[in-house]
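Counting from 89, one number per residue, gives the positions in the sequence shown under the numbering used here.
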Amino acid sequence: MMDQIEIIKLIKSQPAIDGYLLKVVQENGLGISLLAKTDKISSEIGVFISNNSYKQFSTFLTLLEVETIIQPLLKKHKIFDTVDGGLTYTLNFRTIESELFRQTLNPSYPKTIETEQDVIDLLNDLNNYTKNVAEPFFEKWSDLRVLDKFLETVPQMEVHNYLGGYGVYSKLLIYRLCNNPKYNEYMDLMYSFAINRFKENPNGDIAIKRKHGFMIDFKEVLDKTEPIYNV
89 MMDQIEIIKL IKSQPAIDGY LLKVVQENGL GISLLAKTDK ISSEIGVFIS NNSYKQFSTF
149 LTLLEVETII QPLLKKHKIF DTVDGGLTYT LNFRTIESEL FRQTLNPSYP KTIETEQDVI
209 DLLNDLNNYT KNVAEPFFEK WSDLRVLDKF LETVPQMEVH NYLGGYGVYS KLLIYRLCNN
269 PKYNEYMDLM YSFAINRFKE NPNGDIAIKR KHGFMIDFKE VLDKTEPIYN V
């Protein structure tokens with residue numbers, strides 16, 4: 089059976105998938121990721137190998153139009169942060185399109201890596217997945233207007249199931265950027281909720297204080313933010 093060093097060496101010796109940067113991380117296993125970035129999105133396709141076995145591929149999309157605005161404020165008010173200080177993803181293929189995710193599961197997985205051919209097979213599978221599943225996902229959801237329309241169908245209490253970070257705030261920003269006619273109503277709801285909770289108990293829960301401060305800053309930022317699209 090191949091060890092991790094041998095697997096990494098073989099993976100790095102293979103031709104790169106066009107347009108992607110290969111990232112390999114050794115931490116309680118072996119994480120392999122394909123990374124790509126444009127001026128609007130950052131995308132990642134990954135697989136995790138543990139004890140020489142791997143299951144399904146993961147697919148993440150970061151919408152920079154959203155995350156570069158909201159995440160610095162979330163970090164400033166200590167509401168949300170990432171371990172490495174970078175931007176977290178906006179969408180996870182597994183949650184935003186759960187039915188399609190299930191349809192694309194490879195019935196032959198999990199697989200075990202024992203030989204060099206097993207590594208080649210993994211890379212071929214990853215290449216096929218990237219072209220046939222991940223890239224269509226990125227193309228569809230990189231349009232913020234698609235996400236805006238989707239969010240209109242999602243109950244408020246379920247928004248966090250679909251958006252990374254702190255979903256209800258991201259939804260508010262997306263509504264603003266898309267000039268959604270429901271933006272003002274949603275802003276009033278979110279703003280009054282945060283302000284009133286703090287007024288009721290100004291010396292209480294630290295989380296309430298943080299969200300109060302965040303919402304004041306967030307509203308100021310959004311008031312100065314011009315819509316990018318017009319739904």
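Note that beta-carbon positions come from the ideal geometry of N, C-alpha and C, so glycine has one too.
Model, not experiment: these values are computed from the prediction.
Check: By Cβ distance below 7 Å, which residues in the same chain neighbour residue 113 in space, the five residues on each side in sequence not counted?
Finding: 119
* **Cα-Cα separation between residue 111 and residue 263, rounded to whole angstroms** => 34 Å
Rounded to whole angstroms, what's the CA-CA distance from residue 257 to residue 189? Just pull it up for me.
26 Å
Does any heavy atom of the ligand GDP sit closer than 7 Å to the C-beta of residue 139? By its list of ligands, the structure shown contains no ligand whatsoever, and the ligand GDP lies outside what it can speak to.
Given a cut-off of 8 Å on the beta-carbon distance, is the pair residue 183 and residue 249 in contact? yes
In this structure, does DSSP put residue 142 in helix, strand or coil?
-> strand
- prompt: Is the stretch 197-217 touching the stretch 148-166 in the sense that three or more CB pairs, one from each, lie closer than 8 Å?
  reply: no
* Starting from residue 112, follow the beta strand (DSSP E) in both directions and report where the run begins and ends. => 109-114
Could you give the first and the last residue of the continuous alpha helix (DSSP H) run that contains residue 255? 255-265
Q.
Nearest by alpha-carbon distance to residue 104: which of 231, 218, 284 and 238 is it?
A. 218
Review point. According to the neighbour-count rule (16 or more other Cβ atoms, all chains shown, within 10 Å of its Cβ), is residue 126 buried or exposed?
Key: exposed
Buried or exposed by the 16-neighbour rule on C-beta atoms within 10 Å, applied to residue 281: exposed
- Message: Quick test of your reading: residue 167 and residue 302, contact by CB under 8 Å. State the CB separation rounded to the nearest angstrom.
- Response: 6 Å
Consult DSSP for residue 200 and reduce its assignment to one of helix, strand or coil. strand
* Let me know the alpha helix (DSSP H) ranges lying completely inside the stretch 148-230, each 4 residues or longer, listed in chain order. => 152-164, 181-184, 186-191, 204-217 and 223-229
Could you tell me whether the Cβ atoms of residue 265 and residue 275 are closer together than 8 Å? no
- DSSP beta-bridge partners of residue 118: 114 and 137
request  = From the DSSP output, in three-state form, read off residue 97 for me.
outcome  = helix
- Message: Rounded to whole angstroms, what is the Cα-Cα separation between residue 228 and residue 234?
- Response: 7 Å
Within 10 Å of its beta-carbon, does residue 292 have 16 or more other beta-carbons around it, so buried, or fewer, so exposed?
exposed
Open item on the list: Does residue 105 come out as helix, strand or coil in the three-state DSSP assignment?
Closed with: coil
Check your understanding: Does the beta-carbon of residue 186 have 16 or more other beta-carbons within 10 angstroms, so that it is buried, or is it exposed?
Key -> exposed
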